[in-house]
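Residue numbers (the UniProt record's numbering): 1 to 318. Below: one structure, written as structure tokens.
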């Protein structure tokens with residue numbers, strides 16, 4: 001029998017707050033993929049709005065903290081901005097934290113009967129915060145070695161085309177008659193054709209053939225798009241407010257790609273093609289994220305160099 005503490009959210013307001021918590025966790029996780037410092041709440045709010053397609057503000061952040069005080073570390077930096085941080089490996093704990101929040105929410109509703117109402121949420125949140133000294137801007141080296149940085153590209157996919165390439169076996173034909181040498185050559189050629197027709201090789205070639213068209217769609221979509229999530233530095237942090245990258249939910253990028261090509265392309269093929277492209281190109285990454293329903297990816301895209309990128313991708317077609 002399910003205890004009251006573990007019951008699923010009952011009201012629309014409770015369900016919405018669970019969605020907000022998951023989206024906030026996901027936004028923090030995506031931010032950590034690009035930075036080593038904690039994100040400001042004002043940076044995260046637009047990202048949560050984009051993920052949930054609803055109005056999210058400080059009042060909901062305050063409600064989340066009132067229900068789950070230990071979920072985030074709140075601090076105030078030297079510029080007076082409130083930041084959110086976590087002390088765990090967030091990427092590995094997204095699902096567990098979502099379950100924990102639902103349990104705490106159920107317990108809170110059982111004890112209080114309604115969600116917390118906080119009149120001045122920004123002031124209330126600031127009272128939870130610790131003042132921290134001004135942080136030095138992280139160097140590229142620090143970002144690359146950060147514990148919460150994205151998965152190394154080499155680990156995303158390890159099945160390079162060379163793994164399945166046919167390697168001819170050197171055979172000593174000394175002493176064989178002309179007919180025997182012809183038969184041996186025919187046998188080796190047949191073996192090579194057989195290896196090249198394996199399902200693995202066929203799929204690798206099929207995916208590689210789609211790289212240019214998918215890359216062009218990716219390139220066009222990221223040059224100017226309202227469907228992506230752009231993370232911005234706080235004003236003054238980099239001298240000016242500037243977009244650092246663009247992140248697309250995989251489901252949205254899949255829709256864009258499928259709507260832009262003539263021939264039908266299954267969702268799994270789109271995902272595998274993007275994973276292959278991310279394994280090759282430095283400025284394209286597939287960031288694993290966990291939602292309340294499934295494990296998926298965000299497609300993170302930096303500045304692309306079309307000519308150089310296509311050259312790298314076409315090398316995989318051979």
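For every residue, glycine included, the Cβ atom is placed at its ideal position computed from N, Cα and C. Quick caveat: nothing in here was measured; it's all calculated off a predicted structure.
If you reduce the DSSP assignment to three classes, tell me which class residue i lands in.
i	result
residue 156	Bear in mind that the predicted position of residue 156 carries a pLDDT of just 44, short of 50, making it too unreliable to give a figure here.
residue 10	coil
residue 261	coil
residue 298	strand
residue 55	coil
residue 36	coil
residue 266	coil
residue 199	helix
residue 289	strand
residue 177	coil
residue 116	coil
residue 42	helix
residue 245	strand
Around the C-beta of residue i, are 16 or more other C-beta atoms found within 10 angstroms, so that it is buried, or is it exposed?
i	result
residue 19	buried
residue 10	exposed
residue 221	buried
residue 337	Beyond the ends of the chain as shown, which are 1 and 318, falls residue 337; an answer cannot be given.
residue 114	exposed
residue 274	buried
residue 29	buried
residue 263	exposed
residue 218	buried
residue 88	exposed
residue 50	buried
residue 176	exposed
residue 276	buried
residue 99	exposed
residue 319	No information on residue 319 is available, as it lies outside the stretch 1 to 318 that the chain covers here.
residue 84	buried
Thinking just about the alpha-carbon of each residue, which of the options is nearest to the one in residue i?
i	options	result
residue 38	82, 190 and 302	82
residue 307	273, 216, 125 and 246	216
residue 343	304, 300, 309 and 35	Nothing about residue 343 can be read from this structure; the chain reaches only from 1 to 318.
residue 108	129, 31, 30 and 14	14
residue 283	16, 310 and 101	310
residue 105	276, 67, 88 and 86	67
residue 102	85, 71, 298 and 186	71
residue 298	305, 272 and 249	249
residue 79	100, 42 and 12	42
residue 280	76, 315 and 287	315
residue 212	201, 257 and 190	257
residue 62	86, 34, 126 and 110	126
residue 36	45, 86, 69 and 52	86
residue 295	286, 303 and 120	286
residue 45	304, 313, 117 and 122	122
Evaluate contact between the stretch 245-256 and the stretch 199-206, counting only Cβ atoms and requiring at least three cross-stretch pairs below 8 Å.
No: fewer than three Cβ pairs fall under 8 Å.
Does the stretch 15-30 come close enough to the stretch 38-56 to have 3 or more Cβ pairs within less than 8 Å?
Enough Cβ pairs lie closer than 8 Å, so yes.
Is the stretch 21-38 in contact with the stretch 74-93, if contact means three or more CB pairs nearer than 8 Å?
Yes, the stretch 21-38 touches the stretch 74-93.
4-residue-minimum alpha helix (DSSP H) runs that sit fully inside the stretch 58-97, ordered along the chain:
Counting only unbroken stretches of 4 or more residues, the alpha helix (DSSP H) elements lying wholly within the stretch 58-97 are 58-67, in sequence order.
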